[in-house]
Amino acid sequence: MAYAKKTAKNEAYQKLKTDLKEGNPLGNAYLFYGEESYLREYYLGEIRKRLIPAGFEEFNYHKLEGKALSVQALSDIVEALPMMCEKTLVTVTDFDLFKLNEEQRGQLIALLSDFPDYCCLVFVYDLIENKADARTKLAALLKEKGSVVPFNRQGQGDLVDWISRRFKAMDHDIGTEDAKYLIFLCGDLMNNLISEIGKIGSYAAHHRVTRQ
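Per this note's numbering, the sequence shown runs over residues 210 to 421.
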């Protein structure tokens, strides 16, 4: 299995974690990509909880599908003022920013160049691959207004710690080697692991979870 290495590529991910944990101001625009969908959805949820108070989602949280979306329609939603709330949150799934025609690309650059402070926009690459060219003006604007955040497969040590925390939340304990064995059996994607952890936690008769 190809575990993530702690390199400069992780800086945007680590900054997002820190900003949410410490209550730092968030950016206005993000691009989320990567095969670790569990983490991607988790941090989308954390941004939503941070920006949109419970009960105010209907008018201030907009989930869009990118397949048939135009930049003009996106602009109209982004520029809509929040209702009884300081911020709006707009998420757009599978809108390929770097395959837009020249006119649409120009419209998107204009939107990001004069982006409203009351909105947070998150582009999510789920079923399509992010093939951004970091040298383009569009990529530079995304970094200026927020950041491009990769959600990569986690390193084995991080996964073992996470598995241990998940079992503790179910009032169980697991050793390091047994956690590694679970990764060996199920793979290193967290959505697969959390499903198996739930089954094991419900089935295990004792506090300590073992291979048996």
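The C-beta atom is built at its ideal place from N, Cα and C for all residues, glycine as well.
{"Query": "A388: first and last residue of the uninterrupted alpha helix (DSSP H) it sits in", "Result": "T385 to C395"}
{"Query": "Residue burial classification, K258 (beta-carbon count within 10 angstroms, cutoff 16)", "Result": "exposed"}
{"Query": "Segments of 4+ residues assigned as alpha helix (DSSP H) that fall wholly inside the segment 246-315", "Result": "246-260, 266-269 and 280-287"}
{"Query": "Coil, strand or helix - D342 by DSSP", "Result": "coil"}
{"Query": "Reference I186, options L402, L306, D367 and G366, closest by Cα", "Result": "With the chain represented from 210 up to 421, any question about residue 186 goes unanswered, as that position is not in the structure."}
{"Query": "K408 - DSSP class collapsed to helix/strand/coil", "Result": "helix"}
{"Query": "C-alpha gap between K346 and P262, whole angstroms", "Result": "34 Å"}
{"Query": "CA nearest to the CA of D380, picked from G355, G366, A413 and D367", "Result": "A413"}
{"Query": "Test item: CB-CB of V287 and Q316 under 8 Å", "Result": "no"}
{"Query": "According to DSSP, residues forming a beta bridge with F360", "Result": "Per DSSP, none; premise fails for F360."}
{"Query": "V357 versus A221: straight-line alpha-carbon distance, rounded", "Result": "7 Å"}
{"Query": "Residue range of the beta strand (DSSP E) that includes L330", "Result": "C328 to V333"}
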